[in-house]
Amino acid sequence: MSSFAAIVSLAVLIAPVLAVPTVDLLIDHGAQSSGDINLRTVLAGVSKRKGQTFHFGSTFDVGDPNQTFNNDVFSAFFNHVVAENGCKWDATEPTQGNHVLTSCTGVENFANTMGITFRGHNTFWHEQLPNWLPGGIGASQLVNTIIPQHVTAEISGLGASVTSWDVANEVVGDGVTNGMTALQCVQNKKVWPTVTSDGSNTPLVTDLSFLHSAFSAAFKAASPNTRLALNDFNTGANDAKTACEIAVLKDIQANTGIPFSNLAIGFQSHIQETFFPSKAALTQTFATLAGMGVEALITELDIKLSSTTQADLRFQAAIWGDILDVCLFASNCNEFINWNTRDDVSFLGVAAAGTLFDKNGSPKPAAFEVAARLNRFANGGAELCATALGTGSCRVS
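Each number in the working numbering corresponds to the 1-based position in the sequence shown with 544 added.
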């Protein structure tokens, strides 16, 4: 999860949609559009067609409100869960060397109780750090001791059943340009640990050894079946930042020897109805990664609205459905996280209406549309056109 201030920089990356188009949806043609939604059997059908488990989930932290709703939605709608905050560095190593994993294992225990799968988020991020970091720790100690010890303790402590880990979160800058090297892509971020945290922009770790250290430790600690991800926002389109993510992943692979088949790129997908990657561009990006043997994950999808008119809610449903379709029909996309379960707990705020369920826990048009897309896929249906383009370009009937 990133700050909204960072997310709005999508404007420089992705062509804008200037008006809400009229869209044609599966829920207009006989698919369920009211009542309770139960996807457990449907998700089993999706997994059967894909040939492996399709993980469709959302966030949960121990102590979250709306526990009855959480129990219901993770029983009937989602089959996958990730901790929103419970596995981050401030929660899991509050003092140096004191690895307290209870808030993280608590979410994994919730997954086990609900009979669903669990993914890890995240072992390294420049935000939500414990008070002892960054401190006065030098580059050598950070790369050779602090990072590998933390990553090892967290990943080994959660066990072998974790589907994927966001090993490094948000390391590429938004000011990148085409043709940059992997190091330049990361240095463009201008945050710790490539520079000190005192605002002086003094260089600290002057190469990508901190990423090599984190991924090497993760690979040693994780199950062979766990994907190790580079996770970021403002990605997926045919642009410089997406190219940078791929360049950084290639650098990690070349310097650690981790097979591409163990690696992934996480596409956070904190988007808005005015700025989002086109279905065609996202499809091409996923295909590029598939050609490398790299998994593509949708890790934090929400769609901020400017208003909650029926037209806006339907447009949100079209965008959500298109992104889901990209993942469903990609051979290398098998995890799809919808960030926050409902609007009243969304980090975007209630007014943004960015999740699948409203502030009262009722499913919105997007929830019914994604259920319809999952149903269609499970029953052998063909991929739809890009519904977010509007009825002038795409009709599903």
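Glycine is no exception: its CB is placed at the ideal position from the N, C-alpha and C atoms.
Proximity of residue i and residue j at Cβ, strictly below 8 Å
i	j	result
Ile660	Asn623	yes
Ser647	Gly630	yes
Val914	Gly865	yes
Ala930	Phe859	no
Val730	Val715	yes
Ile863	Ile847	yes
Phe662	Ser705	yes
Cβ neighbours of residue i in the same chain (closer than 7 Å, five flanking residues each side left out)
i	result
Leu557	Bear in mind that a pLDDT of 42 at Leu557, under 50, signals an unreliable position, so the model cannot answer this.
Ala559	Unreliable positioning characterises Ala559 in this predicted model, as indicated by a pLDDT of 47, which lies under 50. The coordinate reading is nonetheless provided below. The answer is none, since no qualifying residue turns up.
Gly845	Note on identity: in this sequence residue 845 is Leu, with Gly being the wrong assignment. Same-chain partners within the cutoff: Ser813, Ile867, Ile881, Asn882 and Trp883.
Ser941	Asp568 and His573
Val735	His670
Gln596	Asn878
Cβ-based neighbour list, residue i, same chain, cut-off 8 Å, excluding 5 preceding and 5 following
i	result
Phe604	Asn614, Phe618, Val625, Val626, Ala627, Glu628, Val651, Phe654 and Thr885
Asn610	Thr885, Arg886, Asp888, Val889 and Gly905
Ala916	Leu569, Leu570, Ile571, Ala575, Gln576 and Gly865
Gly719	Asn732
Residues bridged to residue i (per DSSP)
i	result
Pro747	Val739
Gln816	Phe819 and Lys848
Ile809	Leu774 and Ala840
Phe668	Ala712
Arg663	Val626
6 Å CB neighbourhood of residue i in its chain, flanking five on each side removed
i	result
Thr488	Absent from the structure is residue 488, since the part of the chain shown begins at 545 and ends at 941.
Gly717	Asn732 and Lys733
Pro565	Gly934
Inter-residue Cα distance where the pair is residue i and residue j
i	j	result
Ala550	Glu671	Because Ala550 sits at a pLDDT of 48, beneath the cut-off of 50, its placement in the model cannot be relied upon, and the point is left open.
Val749	Leu645	27 Å
Leu849	Gly934	17 Å
Cys877	Leu928	17 Å
Ala896	Cys938	26 Å
Leu673	Gly679	11 Å
Gly835	Thr725	21 Å
Ala798	Val894	44 Å
Ala922	Leu570	14 Å
Leu686	Leu755	11 Å
Ser547	Arg584	Interpretation of Ser547 is limited by its pLDDT of 48, a score under 50 that renders its predicted location unreliable; the figure taken from the coordinates is listed afterwards. If you take the alpha carbons of Ser547 and Arg584, they lie about 33 Å apart.
Ser760	Pro803	11 Å
Gly682	Ile691	12 Å
Ile796	Ser875	23 Å
* Which ranges does the alpha helix (DSSP H) cover as unbroken runs of at least 4 residues, wholly within the segment 847-934, from first to last along the chain? -> For the segment 847-934, the continuous alpha helix (DSSP H) assignments of 4+ residues that do not extend past its boundaries occur at 854-872 and 909-922, in sequence order.
* Give, in chain order, every unbroken run of the alpha helix (DSSP H) that is at least 4 residues long and sits entirely within the segment 764-797. => Correct list: empty.
* Asked: Unbroken beta strand (DSSP E) runs of length 3 or more, entirely within the segment 699-742: which are they?
  -> Entirely contained in the segment 699-742, the beta strand (DSSP E) runs reaching 3 residues are, in chain order, 708-713.
* **Contiguous beta strand (DSSP E) assignments of at least 3 residues, all confined to the segment 585-641** => Within the segment 585-641, the runs of beta strand (DSSP E) at least 3 residues long that lie entirely inside it are, in chain order, 599-603 and 624-626.
* Can you list, in chain order, the stretches of the beta strand (DSSP E) that have 3 or more residues and sit fully within the segment 674-700? -> Those beta strand (DSSP E) runs which fall completely within the segment 674-700 and span 3+ residues do not exist here.
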